[in-house]
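Structure, as structure tokens:
Protein chains in written order, with the numbering used here: chain A, 545 to 1009; chain B, 545 to 1009.
This is the structure in structure tokens:
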């Protein structure tokens, strides 16, 4: 079979994607029939004057999605569509990539607040460690392992918490799990708490998840310093989910007196717990590090939650929690029947990554990278400072911009969209509906140039209004 | 520093473990002081006349557990114990390996019913695929990905279900997650069902987990054919968790008429669901394959649960479920805030493993391996057949032995222990307490020789009693 694919070389859509889309359509339409042999990657690359790698990428994707069947030594064949009734659905899925990405395609710059820079991921190191772990001598790594997570990884996490957060935790207190949401789910089974206080605004996912797990969610309002802890005492809450080091989405850092108030609240009554989500404490660009609540020395009413999603990569699904003794002793009985959710292979790779010093090096490097982006953003925002207040800066991977004239969030977002810039509102994170004139600008997966270009565009539409 | 370690060469405890234990004790006791430099692996291997690799293994473990600190170019140093109050705990942890393993150490043969043969895992292939996925060109793999799991993997799973289980599922219906327990947790949030019928006996973990998630568990008794489905109708259940292909722990295969009865029950009333756990359908040694409930053509009241824990390896934490349309459409709203629990890297490696034909080859190979072990066990059990009935054979990775004279399970287990053989009772899986004269013999991670030796020992104690 010969295929002639009209490739557009305008630099818009990559070649491999054009090849992928073309062949997919031909198969879906039936013009390439089931069992038909596709041209070899070599032949097609010559015919189209593109690299063989480009064709291979397209074929791989088509294979992964079931359109092509590779046969060793023979080549690629068009697949018979086994689920004909879904052809329309699949054809409707025009985009090569995911929906969420498709949505951002119309934007020149996307200040996504949950982004992470993956450009500096140490691929070679990770590959090397994975190769070492995946060895015949290490068959043990294939078996089920400890429901709490491997002891070695838990010990590595403790050493890290000690050196980085001044915390004294023992491996026996640590539970590893695939994502903070999952750990929170375990926690709610462990504490038996039913009324959970959360900062308002907070992560929508957390409040929605807790509510669905039959919990009553009690919003506690925040100001520039974070949760108004004195309001906590007015509630019936038996648990509080807080982000003292860098609250999302306000960016507030909880001052010491409020931290102490939180602790006092929790200690007042047995069965009260603080869930401290320390999700982005690693990235702090100015001023001294904020100690974790747990570092204040009192450990019993606190559950500490951490994650490697931001410090290593979102795909590495490793989060962890440090349980106080009162919860820890019940863990095996109440949660021991959940098998560990993180692959033991990944756990061992991560432990080695930490133990051999790669993690610290990577963190140092990323602190530099993120500080550069953070500073570039602050710098680029100077011309806007008459009209906008910046908050939540100095730490984390996003900052918050508030219109001094009270311009509505929705108007800011709409104007930005006109300029090809995607920014994110804050109002959706409030549990108590309210007007907002704030937006979030995440900078982690943008280059410094993109940051400057994005802010330049924002200035053009915002300052001329 | 020089260390002289008295190594016992009787073949009992491996050298690396002896070295590990010795140094650990020296550090815990304070005889090796904080900051002291350990001998190099080379020096110690020469001094002890063991391979350098042996010393390295011990040092690696000591490093992973925080006893040693490696300093590049300089060597290994004794760590200061950061959590002094846990020293006793750690010293108490005498064993090198996990508690559960320590417990089995006294046994010559352990017929663990949840074991999996990892000796035949295709390490080289997995390493190669991991290397391909972990490439700089594939940075995308580091980002968060789809909460349901990568589309490519879901498509691979559908092709597999189609060819192997005769099921027509679309990738859009599939949800990937780290373990069946986790998926069941999502499911209970999705269905809103509160009264769950389970086979009695069943997986303890499942019934305990569902109960803790505030579900009422309704045991339905079983006979040799599996769940007595006519009893289901007498209950108030709105959901049933079943294992029709090979029930655990009875090993029963649900006959067609009961399957149809299950389906009729579920279809009678909207909101009723069957959770079909098809955990070990791949391994069938005699007779034709048992179709899944879902393959009967009716798909709406059925949620299909599958896992790669047994077919690939327990450490590969990938399970999946196929949702019927009525549940699928609510998934994003009700469960979309749980991020995907399986690392995207692992998902892509597994998808490639499936797409490139390795999975099928591995399955074929393992079917052969397990059939060999299964047949060896059946064969070895011949002399015991006068006294014991065998059931649950022909499929899966364990079988069930029932004393014809009604000898109590506990007596069988105790006698086996005397003979150095670990076998497993059935009674603990019953929700309604009852006497049992049955035990489980898992054969997956034993060699054929070990199987014969184990049964020989059982015969010695059981037949002479």
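Don't be surprised by glycine CBs; every beta carbon is placed ideally from N, CA and C.
Contacting residues, own chain, Cβ-Cβ under 7 Å from residue 986 of chain B (five flanking each side not counted): By 1-based counting over the second chain, the position of residue 986 of chain B is 442. Taken in chain order, the residues that qualify are 655, 656, 657, 658, 659, 941, 942.
Contact with chain B by residue 753 of chain A, beta-carbon distance below 8 Å: The residue you call residue 753 of chain A lines up with position 209 of the first chain. Interface residue, yes.
Residues near residue 890 of chain B by beta carbon distance below 8 Å, same chain, minus five either side: For the purposes of this step, residue 890 of chain B is taken as the residue at position 346 of the second chain. Around residue 890 of chain B: 860, 861, 862.
Meets three-Cβ-pair contact criterion under 8 Å: the stretch 983-1003 of chain A and the stretch 573-586 of chain B: no
Secondary structure of residue 622 of chain B, DSSP reduced to three states: Along the second chain, one-based indexing puts residue 622 of chain B at 78. In this structure, residue 622 of chain B counts as strand in the three-state DSSP scheme.
is_contact[residue 889 of chain A, chain B] using C-beta, thresh 8 Å: Here residue 889 of chain A refers to the residue found at position 345 when the first chain is read from its first residue. So, interface residue.
8 Å Cβ cutoff met for residue 917 of chain B and residue 979 of chain B: Here residue 917 of chain B is taken as the residue at index 373 of the second chain, counted from 1. Here residue 979 of chain B is taken as the residue at index 435 of the second chain, counted from 1. No, they are not a contact pair.
Listed by chain order, chain B residues near residue 885 of chain A by CB distance under 7 Å: Taking the first chain and counting its residues from 1, one reaches residue 885 of chain A at position 341. Those within 7 Å of residue 885 of chain A in chain B are 722, 723, 726, 861, 885.
Residue 689 of chain A beta carbon less than 8 Å from that of residue 885 of chain B: As a first step, residue 885 of chain B is located in the second chain; it is residue number 341 there, counting from the start. As a first step, residue 689 of chain A is located in the first chain; it is residue number 145 there, counting from the start. Not in contact: residue 885 of chain B and residue 689 of chain A (Cβ atoms no closer than 8 Å).
Any alpha helix (DSSP H) of 4 or more consecutive residues that is wholly inside the stretch 737-789 of chain B: 748-756, 773-776
Cβ pair count under 8 Å reaching 3, the stretch 692-700 of chain B against the stretch 665-673 of chain A: no
Local conformation of residue 857 of chain B per DSSP, three classes: Your numbering for residue 857 of chain B matches position 313 in the second chain. Note: residue 857 of chain B maps to coil in three-state DSSP.
Residue-chain proximity (residue 657 of chain A, chain B), Cβ-Cβ < 8 Å: Indexing the first chain from 1 puts residue 657 of chain A at position 113. Closer than 8 Å: no.
Min CB distance residue 1016 of chain A to chain B below 8 Å: Because chain A spans 545 through 1009 in this model, residue 1016 of chain A falls outside it and cannot be assessed.
Cross-chain neighbours of residue 733 of chain B in chain A, by beta carbon under 7 Å: Along the second chain, one-based indexing puts residue 733 of chain B at 189. Under the 7 Å cutoff, chain A gives 756.
Close Cβ partners of residue 835 of chain B (< 8 Å) along its chain, the five nearest in sequence each way excluded: As a working note, residue 835 of chain B is residue 291 in the second chain. Correct list, in chain order: 709, 710.
Bridge partners - residue 985 of chain A, DSSP secondary structure assignment: The count along the first chain starts at 1 and reaches residue 985 of chain A at position 441. DSSP, once it has assigned bridges, lists A:943 as partnering residue 985 of chain A.
Listed by chain order, chain A residues near residue 654 of chain B by CB distance under 7 Å: Sequence index remark: in the second chain, residue 654 of chain B carries index 110 (1-based). Neighbours of residue 654 of chain B on chain A: none; closest Cβ ~13 Å, over 7 Å.
Range covered by the alpha helix (DSSP H) that runs through residue 871 of chain A: Locating residue 871 of chain A in the first chain gives position 327, where the first residue counts as 1. Note, residue 871 of chain A: alpha helix (DSSP H), 869-879.
Counted within 10 angstroms of its Cβ, other Cβ atoms place residue 593 of chain A as buried (16 or more) or exposed: Residue 593 of chain A sits at position 49 when you count from the first residue of the first chain. It counts as exposed.
Residue 966 of chain A burial status per 10 Å Cβ neighbour count (16 or more: buried): In the first chain, counting from the first residue as 1, residue 966 of chain A sits at position 422. Counting Cβ neighbours within 10 Å, residue 966 of chain A comes out buried, since at least 16 surround it.
Proximity test, Cβ basis, 8 Å: residue 558 of chain A and chain B: Here residue 558 of chain A is taken as the residue at index 14 of the first chain, counted from 1. Residue 558 of chain A does not count as touching chain B.
Best match in A:856, A:735, A:551, A:801 for proximity to residue 818 of chain A [C-alpha to C-alpha]: Stepping through the first chain from its first residue, residue 818 of chain A is reached at position 274. Measuring from the Cα of residue 818 of chain A, the nearest candidate turns out to be A:735.
Residue 999 of chain B, enclosing alpha helix (DSSP H) - first and last residue: For the purposes of this step, residue 999 of chain B is taken as the residue at position 455 of the second chain. 992-1006 is the span of the alpha helix (DSSP H), which, as asked, contains residue 999 of chain B.
Option nearest residue 983 of chain B by Cα separation, candidates B:944, B:933, B:975: Position 439 of the second chain, counted from the first residue, corresponds to residue 983 of chain B. Of the listed residues, the one whose Cα sits closest to residue 983 of chain B is B:944.
Sequence-distant residues of the same chain with beta carbon closer than 6 Å to residue 798 of chain B, five excluded per side: Position 254 of the second chain, counted from the first residue, corresponds to residue 798 of chain B. Correct list, in chain order: 770, 788.
Distance CB(residue 667 of chain B)-CB(residue 678 of chain A) smaller than 8 Å: Indexing the second chain from 1 puts residue 667 of chain B at position 123. Indexing the first chain from 1 puts residue 678 of chain A at position 134. Yes, Cβ-Cβ distance for residue 667 of chain B and residue 678 of chain A is below 8 Å.
Given 8 Å, three or more beta-carbon pairs between the stretch 745-755 of chain A and the stretch 778-792 of chain A: yes
Beta-carbon spacing of residue 804 of chain A, residue 766 of chain A below 8 Å: Residue 804 of chain A sits at position 260 when you count from the first residue of the first chain. Residue 766 of chain A sits at position 222 when you count from the first residue of the first chain. Their beta carbons are not under 8 Å apart, which means residue 804 of chain A does not touch residue 766 of chain A by this criterion.
Local Cβ density within 10 Å of residue 652 of chain A, reported as buried at 16 or more and exposed below that: By 1-based counting over the first chain, the position of residue 652 of chain A is 108. Label assigned to residue 652 of chain A: exposed.
Distance CB(residue 755 of chain B)-CB(residue 881 of chain A) smaller than 8 Å: Position 211 of the second chain, counting from 1, holds the residue named residue 755 of chain B. Position 337 of the first chain, counting from 1, holds the residue named residue 881 of chain A. No, the pair does not count as a contact, with Cβ atoms beyond the cut-off.
Presumed contact (8 Å Cβ cut-off) between residue 611 of chain B and residue 568 of chain B, rounded CB distance: Translated into the one-based positions of the second chain, residue 611 of chain B becomes position 67. Translated into the one-based positions of the second chain, residue 568 of chain B becomes position 24. The pair is a contact, with the Cβ atoms about 6 Å apart (cut-off 8 Å).
Chain B contacts from the stretch 904-928 of chain A (Cβ-Cβ distance under 8 Å): none
Within chain B, partners of residue 680 of chain A - CB distance below 7 Å: Along the first chain, read from residue 1 onward, the residue named residue 680 of chain A stands at position 136. Under the 7 Å cutoff, chain B gives 667.
N- and C-terminal bounds of the alpha helix (DSSP H) containing residue 851 of chain A: Within the first chain, numbered from 1, the residue matching residue 851 of chain A stands at position 307. Unbroken run through residue 851 of chain A is the beta strand (DSSP E), 846-851; no alpha helix (DSSP H).
Per-residue contacts from residue 686 of chain B into chain A (C-beta, under 7 Å): Counting from 1 along the second chain, the entry for residue 686 of chain B is found at position 142. In chain order: 662, 665, 857, 858, 859.
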